[in-house]
Every structure is written in C-alpha cells, then in structure tokens.
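Down below is the structure, laid out as structure tokens.
Protein chains: 2
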Amino acid sequence: MGKGASGESPTLRQVGEFAVIDRLVRGRSQPAAVLLGPGDDAAVVSTGDGRTVVSTDMLVQDRHFRLDWSTPHDVGRKAIAQNAADIEAMGARVSAFVVGFGAPPDTPVAQIDALADGMWDEAGRIGAGIAGGDLVSCPQWVVSVTVLGELDGRPPVLRSGAKPGSVLAIAGELGRSAAGYSLLDKEINGFIDLRRRHVVPQPPYGAGALAAAAGAQAMIDVSDGLVADLRHVAEASGVGIDLSTAGLAVDHDALAAAASATGADAWSWVLGGGEDHALAACFAGAVPDGWRVIGRVLDGPPRVLVDGAQWQGYAGWESFGS
Amino acid sequence: MGKGASGESPTLRQVGEFAVIDRLVRGRSQPAAVLLGPGDDAAVVSTGDGRTVVSTDMLVQDRHFRLDWSTPHDVGRKAIAQNAADIEAMGARVSAFVVGFGAPPDTPVAQIDALADGMWDEAGRIGAGIAGGDLVSCPQWVVSVTVLGELDGRPPVLRSGAKPGSVLAIAGELGRSAAGYSLLDKEINGFIDLRRRHVVPQPPYGAGALAAAAGAQAMIDVSDGLVADLRHVAEASGVGIDLSTAGLAVDHDALAAAASATGADAWSWVLGGGEDHALAACFAGAVPDGWRVIGRVLDGPPRVLVDGAQWQGYAGWESFGS
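For the protein sequence lines, the chains are A and B, in the order given.
Be aware that the first sequence starts at 1, since it is given in the numbering used here, and climbs by one per residue.
Be aware that the second sequence starts at 1001, since it is given in the numbering used here, and climbs by one per residue.
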C-alpha cells in the first residue's frame, strides 16, 4: 500500500464502520466448515468430532509489526500464519478464524481492504475462512486473531508428552525471521528472501497433523525462539533436551552470509530467533516426511542443552522486555 | 484498584510475561466444557453437537472504557458480558472464552490480576471458563475477547427470520448504560445503580436459549442502540418494525429522574443507548418468561418506527463516529 494510494482512499471515519465491514465481507467464499459466516451476532463453525481447538494472538503496531516494513497485506498474512501455527502445534487442522481489528479513524479504507485480503490469502493456503470479526477505533493498529481447529478424532499433541530416549525433530526453517529483522533494522539491502520471511512467516502447514498421525509425543511451535520454546516442552515433560549443532547446521549455513553482512552470530538467530513458526516435536522412532532430527530427549531435570552444554546466547523473545 | 495499591504492585515489565500468565492461570477452576485449558499452544473446548458458535469483540481504553470510571475488575466483567450477549443472541449457550490483552509494560500486575478476576467472576455467572489467552505490550489497554458457544442441537436464531404479524419482545433493560454514561460524563453524583450499569452491563443470561426454545424467529443483542440494532433485523428480514412507547414506558420511567438531572431526553437513552446488551427477538405467539412485548413486525420495506412514525432522535453508536 503506497502512500499515494493511501492518500486517495477514503478513511474509516468517512466510510463508517458498517460500510467498511460490508466491503470486507462481500464476495468472500467461505469453506464448508463455516456454517454461518459474518453478518449476524456470531458465526457458526463445524466441529466434526465434538471438540474445538482454539488459540488467540494479539499483534500491536510498532511492537509486532511496522507499517514501514510490512504492507497491510503482509500484516494480515502474518497474523493469520502465526495463529495457524498454534493449531498445527496441537496436531490439529485449522477450520476458521475470527479477527478483531483496531485502527485510527483516519486510516485509509484501502489499507483495511489490503489487510483483509492478506488474511484471506493466507487463510486460503490452508483451506480456512474468516468467519467473523470486529472493527473498532484505536490509536494504533491492533490485530487480534482467534483461530479454531479440528483434531479429526485424534488426541491433541501437548507439550508434556516427551519421553527420554526419543528424538527431537523440526519441520520448517529456523532463524529466518530474526535474520530478516536484523537486515531490516540495519537497513541492509539484498537478502530479500530473509527480509520477506520476517514480514511474512512460512509455517510448515500440514506438518503438525502429519506429526500427530505419526505418533508425535510432544509438539510446540517456535514463536519465541527455539531454546526458549523447547524449555516449555522440557518443563512440561520433565525431560532434558539436547540440540545438535550438526542437525541445525543447514539453518546456520543458510544464514551465514546475512550474519556476516550484519555482524551477527547466525547461531543466535537459529537458537534464539522467534517468529519463524517452525514446529518442533518429539518422536519415539522415525520422523515423518518434511521433518528432520535436530536433537534428542534426555532424562530430567528440565533443561535445554546445545551439544551437551548450556546455551549462553540470546534465548528468545519476552513480551515486556525491551 | 486504588492508586495506592497500584503504586505498590510490581509492573508487567518487572514480573515478565510468563510469570504474569502463571499468576493469572494458577488456581482457576475450568468447567467441564474446557477439555484443555491454558498452558499449551492452544486450548480444547467441547462442542457437543458438532457446531461452535463464535464471536469476538475488541475493547480499547478511552474508547470503550475509562480507567477513571471503571476498575480493572469492571473492565474484565464488561468484556466478558458483552461477548456472552452475542452468543445469547444466537439462542446459544456460552462454553468458553479466550482473551487477548495488551497493556503498557509499566502496568501494575495487581491491575492485571483484577482484570482477570473480573473476567472469571462474570464468566462464572454463566458457568463458563477462560480457556486461553495472549498477553502483549501495547501503549494503552486493549482487551480482545472471543467467545465460544453451543447450540445444543437447535438451529441458530438469525437476524433474518422475522415475519410480519409477529410481536417484538425484549429481555433485559434499555437505556441504563447510556444514562450511566451521561451521569459519569457530567459528574453527577447519586444514581449509583445507573452509573454501575454503564461500567458493567447486565445481559439477561439464559434468556437467549429460552427464546430459541420458544421458537424465536429472529434475535439480536442491543449493543449499539435499540433502533440501530433493530434496523439490522428489519433489513435482514425484509420487514418493518414498529416500537410502542407504551411497551417501553417502564424503561423510560425508570430513567426519568436521571434524565431530569442531566437535562437529557430519556427516550434517547431508551431508543438510542447501546451497551445494555438486552436481547430483542420476534415471536409468532406468546413470549417466554422474562420477555416483554415492545412492538410488532410489519410488512416491508425495512424500517424501524416508533408508534408508527420515524424516530428523529439519536439512533445509536458508530465505531468511527466522534
């Protein structure tokens, strides 16, 4: 959304809440799981096996995204992707999203259209729809997404099931978002793929359900950083986890040039970078297609090691840190 | 939450995201419908008949609540109550909530505790639990609630089913929140019940499912104002709706003294005041217990009349109005 286009678009205040909602809703095609879409007091979503998996995330402008780095379309894709990853991490399948959006009254409606288009584009990659929402006035952009998912008769894959002797495997890539952030922050050109990956993550859609069907013992999505997130698995399961730099070398090597350009340590990105929304899971035996082994599960006490030693670098994001 | 207590409480930044979430989650008792509560990537909620009703609302500080008028506990109750009303308006029953909360890092944790307590108190009134959430840094408070509900095998009651010749009935009270707002805004003491009703609405819990079971044709919750919300029913159903001031006199009369004290017109509050979250529904025959007739359904075109004439006063809230 260029500044020119924004300047020509009428604003939220000019168009009004209900007319904007009409624009956002009109012409969208809901998947079969959305039994009743937007337009009433609530939506109705099908839940085949009598259980709904539900998760919610809030994204705040200048905290979780910057409108000089991301287009509104990118912000919409990111908000959907990171919520979908939470459903994947339960071994479930996304059925629908609902979205709360706050923005200043002088926001060009074209930007809201683009945000909604981004949400629908990303939801479409997983066959899901946006079943409802709320649009309010707020001093900055706040995007709050809630996602519903289905387990298709399987038990949810929790953080608490990891067993000593199992392998730790990952689906998706690590450190890309953190590398992209560093490149954007230092205004280093090139590395377009990495910069894009910060702006729009690419969770390994479908890998969570595949892991569940293959008997994954425990699973989590890497949102705060690999070491930080695996600590939750270690604590919930009462196990140690030992990461192998040999298993993670492919991620490290993919980031080496960008690390050199920014003066960063690629291992900090791989082990501490969040927002890639890769999935990490523990398996007793062979890992399914699309998964690769990066470590092993040890007896307790709960801790996360790297090649058998404690990791001293940056370990991950904290919401109220600076 | 007095200023003294706030001053003594550690802040979100000092305590940190994960420790605050631990405080909020610890010791809460989930209802049976919450199969898996907070602590994993997502929650799991039971949906008995294979459908989930879902709705979401976002509340922004100084737009939807003021922390000099409302305690954090009040804000929590209001956020839960207004979301629950959307589920009631479908003829459904609330099963669980998920909550996104944004606040500045210097927010006293005691205020977050009070907000969560208010949410749990209000959820407890309807036998529901808070199944999960997200806690992020934001320049002002933003509370985003998503509610899940169950239809117990019934079809949802939509806005679109009203038939000419039916009666329009209401459960709950009208104009109280608007009266309370005016009293608070003009700093008029007394009328404590009305001022409280602005701060914490009292939806008629259970009346929605009762209406659905009694064959309600169409239903809506009065969130923006009676006339404004009934316009949605009129348009969706292709009918006219004629409100009777005789039927609404009990609401008007209850507000007469406050109207006199503030110089307002009590009819503007009754017909245009939102946020009471009363329910309005159309019935072919007798209305169930707790409901009272306030008008009738006419042939189209879609319009809302008062005693057969167009209403000229304030008709309701618009998100990007001033």
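We treat Cβ as the ideally placed atom computed from N, Cα and C, and that holds for glycine.
Since we're looking at a predicted model, the values are computed, not measured.
**Item:** Members of the region 1208 to 1221 of chain B near chain C, C-beta cut-off 7 Å
**Value:** Absence of chain C from the displayed structure is noted, the protein chains being A and B.
**Message:** Quick check on B:ASN1083: buried or exposed, where buried means 16 or more other Cβ atoms within 10 Å of its Cβ?
**Reply:** As a first step, residue 1083 of chain B is located in the second sequence; it is residue number 83 there, counting from the start. B:ASN1083 comes out buried.
**Item:** 3-residue-minimum beta strand (DSSP E) runs that sit fully inside the region 1018 to 1106 of chain B, ordered along the chain
**Value:** 1034 to 1036, 1043 to 1046, 1051 to 1060 and 1093 to 1103
**Message:** I need the straight-line Cα distance from A:SER46 to B:GLY1208, nearest angstrom please.
**Reply:** For the purposes of this step, residue 46 of chain A is taken as residue 46 along the first sequence, with counting starting at 1. For the purposes of this step, residue 1208 of chain B is taken as residue 208 along the second sequence, with counting starting at 1. Roughly 21 Å between the two C-alpha positions.
**Message:** As an exercise, report each continuous beta strand (DSSP E) stretch of at least 3 residues that is fully enclosed by the region 1121 to 1190 of chain B, in chain order.
**Reply:** 1129 to 1137, 1142 to 1150 and 1167 to 1171
**Request:** Tell me whether B:LEU1279 sits in a helix, a strand or coil according to DSSP, three-state version.
**Result:** Counting from 1 along the second sequence, the entry for residue 1279 of chain B is found at position 279. If DSSP states are grouped into helix, strand and coil, B:LEU1279 belongs with the strands.
**Item:** Contacts around B:ALA1005, its chain only, beta-carbon distance under 6 Å, and the 5 residues preceding and following it disregarded
**Value:** Counting from 1 along the second sequence, the entry for residue 1005 of chain B is found at position 5. With a pLDDT of 44 at B:ALA1005, under the threshold of 50, the predicted position of this residue should be treated as unreliable, and no value is reported.
**Item:** Straight-line Cα distance separating A:PRO105 from A:GLY127
**Value:** Counting from 1 along the first sequence, the entry for residue 127 of chain A is found at position 127. Counting from 1 along the first sequence, the entry for residue 105 of chain A is found at position 105. Taken atom to atom, the span from the alpha-carbon of A:GLY127 to that of A:PRO105 is near 32 Å.
**Message:** Check for me: the beta strand (DSSP E) holding A:LEU298 runs from which residue to which?
**Reply:** Residue mapping note: residue 298 of chain A aligns to position 298 of the first sequence, counting from 1. Note, A:LEU298: beta strand (DSSP E), 292 to 298.
**Prompt:** How would you list, in chain order, the residues of chain B whose beta-carbon sits under 7 Å from the beta-carbon of A:ILE87?
**Reply:** Within the first sequence, residue 87 of chain A is the residue found at index 87, counting from 1. Simply ALA1042.
**Message:** Closest to A:ILE87 by C-alpha separation, out of A:ILE241, A:TYR205, A:GLU8 and A:ASP22, would be which residue?
**Reply:** As a working note, residue 87 of chain A is residue 87 in the first sequence. Of the candidates A:ILE241, A:TYR205, A:GLU8 and A:ASP22, the one whose C-alpha sits nearest the C-alpha of A:ILE87 is A:TYR205.
**Item:** Cβ distance (whole Å) where B:CYS1138 is taken to contact A:VAL142 below 8 Å
**Value:** Taking the second sequence and counting its residues from 1, one reaches residue 1138 of chain B at position 138. Taking the first sequence and counting its residues from 1, one reaches residue 142 of chain A at position 142. Contact flag correct, Cβ pair sits at about 7 Å.
**Prompt:** Less than 9 Å separating the beta-carbons of B:GLN1140 and B:VAL1060?
**Reply:** Residue numbering aside, residue 1140 of chain B sits at position 140 when the second sequence is read from its first letter. Residue numbering aside, residue 1060 of chain B sits at position 60 when the second sequence is read from its first letter. In contact: B:GLN1140 and B:VAL1060 (Cβ atoms closer than 9 Å).
**Asked** Near A:GLN312, which residues of its chain fall below 7 Å by C-beta distance, leaving aside the five closest residues on each side in sequence?
**Response** One-based indexing of the first sequence puts residue 312 of chain A at position 312. Nothing meets the Cβ criterion.
**Asked** What's the gap between the Cα of A:SER144 and the Cα of B:GLY1133?
**Response** The residue given as residue 144 of chain A occupies position 144 in the first sequence. The residue given as residue 1133 of chain B occupies position 133 in the second sequence. In a straight line, the C-alpha of A:SER144 is about 11 Å away from that of B:GLY1133.
**Request:** Identify which residue in B:ALA1043, B:LEU1271 and B:SER1237 has its Cα closest to the Cα of A:THR52.
**Result:** To locate residue 52 of chain A, count along the first sequence from 1; it is residue 52. Of the candidates B:ALA1043, B:LEU1271 and B:SER1237, the one whose C-alpha sits nearest the C-alpha of A:THR52 is B:ALA1043.
**Item:** Pair within 9 Å by beta-carbon distance, B:LEU1243 and B:LEU1279
**Value:** The residue labelled residue 1243 of chain B in the question sits at position 243 within the second sequence. The residue labelled residue 1279 of chain B in the question sits at position 279 within the second sequence. Not in contact: B:LEU1243 and B:LEU1279 (Cβ atoms no closer than 9 Å).
**Prompt:** Any idea which residues DSSP pairs A:PRO108 with across the strands?
**Reply:** In the first sequence, residue 108 of chain A corresponds to position 108, counting from 1. Beta-bridge pairing links A:PRO108 to A:THR11.
**Asked** Is the region 1063 to 1079 of chain B close to the region 1111 to 1122 of chain B, with three or more CB pairs under 8 Å?
**Response** As far as the Cβ criterion goes, the region 1063 to 1079 of chain B touches the region 1111 to 1122 of chain B, which means the pair count is three or higher.
**Item:** Cβ contact check for the region 254 to 270 of chain A and the region 175 to 182 of chain A: 3 or more pairs under 8 Å
**Value:** yes
**Request:** Counting only the same chain and skipping the five closest in sequence on each side, list residues whose C-beta sits under 7 Å from that of A:PRO288.
**Result:** Taking the first residue of the first sequence as 1, we reach residue 288 of chain A at position 288. Contacts found: LEU210, ALA211 and ALA214.
**Asked** Is there at least one Cβ from chain A nearer than 9 Å to B:ALA1092's Cβ?
**Response** Taking the first residue of the second sequence as position 1, residue 1092 of chain B is located at position 92. Chain A, which has a Cβ nearer than 9 Å to the Cβ of B:ALA1092, makes this yes.
**Request:** Quick one: list the residues of chain B neighbouring A:PHE320, beta-carbon separation under 7 Å, in chain order.
**Result:** The count along the first sequence starts at 1 and reaches residue 320 of chain A at position 320. Per Cβ cutoff of 7 Å: LEU1012, ARG1013, GLY1016, GLU1017, PRO1105 and SER1137.
**Message:** Less than 9 Å between CB atoms is the rule here; does B:GLY1308 satisfy it with respect to chain A?
**Reply:** Against the second sequence, residue 1308 of chain B aligns to sequence position 308. Output row for B:GLY1308: interface = no.
**Asked** chain A beta carbons: is any one of them nearer than 9 Å to that of B:ALA1131?
**Response** Here the question's residue 1131 of chain B lines up with position 131 in the second sequence. True, the Cβ-Cβ gap to chain A drops below 9 Å.
**Request:** Give me the Cα-Cα distance between A:ASP224 and B:ALA1019, rounded to the nearest whole angstrom.
**Result:** By 1-based counting over the first sequence, the position of residue 224 of chain A is 224. By 1-based counting over the second sequence, the position of residue 1019 of chain B is 19. The straight-line gap from Cα to Cα measures roughly 15 Å.
**Request:** Out of A:PRO38, A:ASP62, A:GLY172 and A:GLY50, point me to the one whose CA is closest to A:ASP185's CA.
**Result:** Counted from its first residue, the first sequence places residue 185 of chain A at position 185. The shortest C-alpha separation from A:ASP185 is found at A:ASP62.
**Request:** Note down, in chain order, each residue of its chain lying with its Cβ closer than 6 Å to the Cβ of B:VAL1304, except the 5 sequence neighbours on either side.
**Result:** Your numbering for residue 1304 of chain B matches position 304 in the second sequence. Answer for B:VAL1304: VAL1227, LEU1230, ARG1231, ALA1234 and ILE1241, listed in chain order.
**Message:** Tell me which residues of the region 1152 to 1167 of chain B have at least one Cβ-Cβ distance to chain A shorter than 7 Å, keeping chain order.
**Reply:** PRO1156, LEU1158 and ARG1159
**Asked** chain A beta carbons: is any one of them nearer than 9 Å to that of B:TRP1311?
**Response** The sequence position of residue 1311 of chain B within the second sequence is 311, counting from 1. For B:TRP1311, the answer is no, since every Cβ of chain A falls outside 9 Å of its Cβ.
**Asked** What did DSSP end up calling A:ASP307 once you bin it into helix, strand or coil?
**Response** Translated into positions along the first sequence, residue 307 of chain A becomes position 307. In the structure shown, A:ASP307 sits in coil (DSSP, three-state: anything other than H, G, I, E or B).
**Prompt:** With burial defined as no fewer than 16 other Cβ atoms inside 10 Å of the residue's Cβ, what is the status of A:ASP251: buried or exposed?
**Reply:** Here residue 251 of chain A is taken as the residue at index 251 of the first sequence, counted from 1. Label assigned to A:ASP251: buried.
**Request:** Measure the CB-CB distance between A:ILE188 and A:ALA261 and report whether it falls below 9 Å.
**Result:** Residue 188 of chain A sits at position 188 when you count from the first residue of the first sequence. Residue 261 of chain A sits at position 261 when you count from the first residue of the first sequence. The answer is yes: Cβ separation under 9 Å.
**Item:** Partners in chain A for B:THR1245, counting only beta-carbon separations shorter than 9 Å
**Value:** The sequence position of residue 1245 of chain B within the second sequence is 245, counting from 1. Chain A residues near B:THR1245: none, gap ~26 Å exceeds 9 Å.
**Prompt:** Should A:GLU8 be labelled buried (16 or more other beta-carbon atoms within 10 Å of its own) or exposed?
**Reply:** Sequence index remark: in the first sequence, residue 8 of chain A carries index 8 (1-based). The residue in question, A:GLU8, is exposed, as its Cβ has fewer than 16 Cβ neighbours within 10 Å.
**Asked** Which class does B:ASP1265 belong to by DSSP, given the choice of helix, strand or coil?
**Response** Taking the first residue of the second sequence as position 1, residue 1265 of chain B is located at position 265. B:ASP1265 falls in the coil class under three-state DSSP.
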